[in-house]
Amino acid sequence: MTDLLTTEELLAELKRLGVKGKEIAVVLGIAPSAVTGLYRGTRQLKLDEARKLMQWISGENTREIPLIGMAGAGRWVEAVELTDTRLEIPKVIDAPGTFAVTVAGDSMNLVLPEGAFAIVDVKQNELFSGNIYLLKNEENEATIKVYRNDPARFEPQSTNPEHEPIILGNRNYQVIGRVTGALQKF
Numbered sequence: 003m004t005d006l007l008t009t010e011e012l013l014a015e016l017k018r019l020g021v022k023g024k025e026i027a028v029v030l031g032i033a034p035s036a037v038t039g040l041y042r043g044t045r046q047l048k049l050d051e052a053r054k055l056m057q058w059i060s061g062e063n064t065r066e067i068p069l070i071g072m073a074g075a076g077r078w079v080e081a082v083e084l085t086d087t088r089l090e091i092p093k094v095i096d097a098p099g100t101f102a103v104t105v106a107g108d109s110m111n112l113v114l115p116e117g118a119f120a121i122v123d124v125k126q127n128e129l130f131s132g133n134i135y136l137l138k139n140e141e142n143e144a145t146i147k148v149y150r151n152d153p154a155r156f157e158p159q160s161t162n163p164e165h166e167p168i169i170l171g172n173r174n175y176q177v178i179g180r181v182t183g184a185l186q187k188f
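Written out as structure tokens, the structure is:
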């Protein structure tokens, strides 16, 4: 592949490779709607974005992070650490201490479907409303939820109405880190 691909040729190559719009959004650090704009021709691909995509699809712009276990999305799941499993992610997600967990359950299925890999940045543990966090309780169980304030709580993002918010103050929780991205198998 040469550096002389047009935007249309690059997007066609990504489509041929089976790369999904959400993956392109993660690599470029843009909203999925902006990727839709690229395919519709209402947004132009910037030169630095084209370079990132070309490096990514050629394998030059990836790195490995540990896949440390599972996190519940519905029920709490024991936080078991796997030591030798690695996951390849785009280098643009470049935060030391980043790791991944496999999502187990459907309480976050609107944003993190079951089986997806949630990418967690442990340095981002300050709570901001609307962000997604990995939590651990006193029983060493983990779950993923969206933080909302006023009142402070962690909420599911699900099509399943059975899932309830976790109200802060009822139990002790540790914020492990913020979910900064996700990868999923298709």
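Residues in the sequence shown are numbered from 3 upward in steps of one, following this note's numbering. All C-beta atoms, glycine included, are put in the ideal place defined by N, C-alpha and C. It should be emphasised that the depicted structure is a prediction, and the values quoted were computed from it without experimental measurement.
Verify whether the separation of the beta carbon atoms of residue i and residue j is less than 7 Å.
{"i": "glycine 179", "j": "glutamine 126", "result": "yes"}
{"i": "lysine 89", "j": "leucine 69", "result": "Checking the displayed sequence, the identity of residue 89 turns out to be leucine instead of lysine. Yes, these two residues count as a Cβ contact at 7 Å."}
{"i": "isoleucine 121", "j": "glycine 183", "result": "yes"}
{"i": "tryptophan 58", "j": "proline 34", "result": "no"}
{"i": "leucine 136", "j": "alanine 154", "result": "no"}
{"i": "aspartate 108", "j": "asparagine 162", "result": "yes"}
{"i": "isoleucine 146", "j": "alanine 75", "result": "yes"}
How many Å lie between residue i and residue j at the Cα?
{"i": "threonine 4", "j": "glutamine 186", "result": "A caution first: threonine 4 carries a pLDDT of 41, below 50, which makes its placement in the model unreliable, though a value can still be read off. Taking the straight line joining both Cα atoms gives about 28 Å."}
{"i": "threonine 8", "j": "glutamate 157", "result": "43 Å"}
{"i": "lysine 138", "j": "valine 105", "result": "14 Å"}
{"i": "glycine 99", "j": "aspartate 123", "result": "7 Å"}
{"i": "proline 167", "j": "glutamate 80", "result": "19 Å"}
{"i": "isoleucine 172", "j": "glutamate 25", "result": "Reading the sequence as shown, one finds asparagine at residue 172 and not isoleucine. Those two C-alpha atoms are separated by around 37 Å."}
{"i": "asparagine 111", "j": "lysine 48", "result": "32 Å"}
Determine the extent of the beta strand (DSSP E) in which residue i is found, giving its start and end residues.
{"i": "methionine 72", "result": "64-74"}
{"i": "glycine 183", "result": "175-185"}
{"i": "threonine 104", "result": "101-106"}
{"i": "phenylalanine 130", "result": "Segment: none, phenylalanine 130 is in no beta strand (DSSP E) and carries neither H nor E."}
{"i": "aspartate 123", "result": "119-123"}
To which residues does DSSP link residue i through a beta bridge?
{"i": "proline 92", "result": "Thr64"}
{"i": "asparagine 139", "result": "Tyr175"}
Can you find a C-beta in chain D that's less than 7 Å from the C-beta of residue i?
{"i": "glutamine 176", "result": "The structure shown contains no chain D, having only a single protein chain."}
Alpha helix (DSSP H) containing residue i: first to last residue?
{"i": "lysine 24", "result": "23-30"}
{"i": "glutamate 51", "result": "49-59"}
{"i": "leucine 40", "result": "34-42"}
Is residue i helix, strand or coil by DSSP?
{"i": "valine 79", "result": "strand"}
{"i": "threonine 9", "result": "helix"}
{"i": "threonine 4", "result": "Its pLDDT being 41, under 50, threonine 4 is placed unreliably by the model, and the measurement read from it follows with that caveat. It is coil, neither helix nor strand."}
{"i": "arginine 18", "result": "helix"}
{"i": "glutamate 157", "result": "strand"}
{"i": "arginine 45", "result": "coil"}
{"i": "valine 148", "result": "strand"}
{"i": "proline 115", "result": "coil"}
Is any heavy atom of the ligand COA found at a distance shorter than 6 Å from the C-beta of residue i?
{"i": "serine 160", "result": "The ligand COA is absent from the structure shown, which contains no ligand whatsoever."}
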